Amino acid sequence: MQPVKALRVTLTEDSLAIDLYDGRTVSVPFVWYPRLLGSPRERNNWRLIAGGEGIHWPDLDEDLSVEGIILGRASGESQASLKHWLESREAAARQHRGPRSKPNRHSPRAGRHAARQA
0 MQPVKALRVT
10 LTEDSLAIDL
20 YDGRTVSVPF
30 VWYPRLLGSP
40 RERNNWRLIA
50 GGEGIHWPDL
60 DEDLSVEGII
70 LGRASGESQA
80 SLKHWLESRE
90 AAARQHRGPR
100 SKPNRHSPRA
110 GRHAARQA
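What follows is the structure, given as structure tokens:
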């Protein structure tokens, strides 16, 4: 039996649709794969792998097999694993943003504002 392969992937606001080489189109909601609930930018950064047998999202650390999607297999990731992944993403985002700075009371903007009120 030949493996089922994706020809094209389309992402909507809440679902993933896969056009298959055999002419069928399969669509599944993102809630089946919680990592795909990331940002649209992250969701749109995908590529077909294994000649179309799977889809890889590097920013979301997610790989899905086309066969699994066709068979209706939702994510098998445990809640604990998903929670750990979400926490590590949040920590990385905080580190990337850096420490929050306090507003400078002596900034030119503050001076103009103070002058208007005087």
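Residue numbers for the sequence shown follow numbering that gives the first Met the number 0, so the first one is 0 and each next one is one higher.
Note that the Cβ used here is the ideal one computed from N, Cα and C, for glycine as well.
These numbers were taken from a predicted model, which means no experiment stands behind them.
Does the count of Cβ pairs from the stretch 32-41 and the stretch 52-67 closer than 8 Å reach three? These segments touch.
Between I17 and V30, is the Cβ-Cβ spacing less than 8 Å? No, the Cβ-Cβ distance between I17 and V30 is not below 8 Å.
Validate contact between the stretch 40-54 and the stretch 76-83 using beta carbons, cut 8 Å, 3 pairs: no
What are the boundary residues of the beta strand (DSSP E) that V120 is part of? A query on residue 120 cannot be resolved here, the shown segment of the chain reaching from 0 to 117 and no further.
Residue span of the alpha helix (DSSP H) that contains L85, given as start and end: 78-96
How is E41 classed by DSSP in three states: helix, strand or coil? helix
First through last residue of the alpha helix (DSSP H) which encompasses E61: Unbroken run through E61 is the beta strand (DSSP E), 61-64; no alpha helix (DSSP H).
Look at the Cβ atom of L15, then the Cβ atom of K4, and state whether they are nearer than 8 Å. No; because the gap between Cβ atoms is not below 8 Å, this pair is not in contact.
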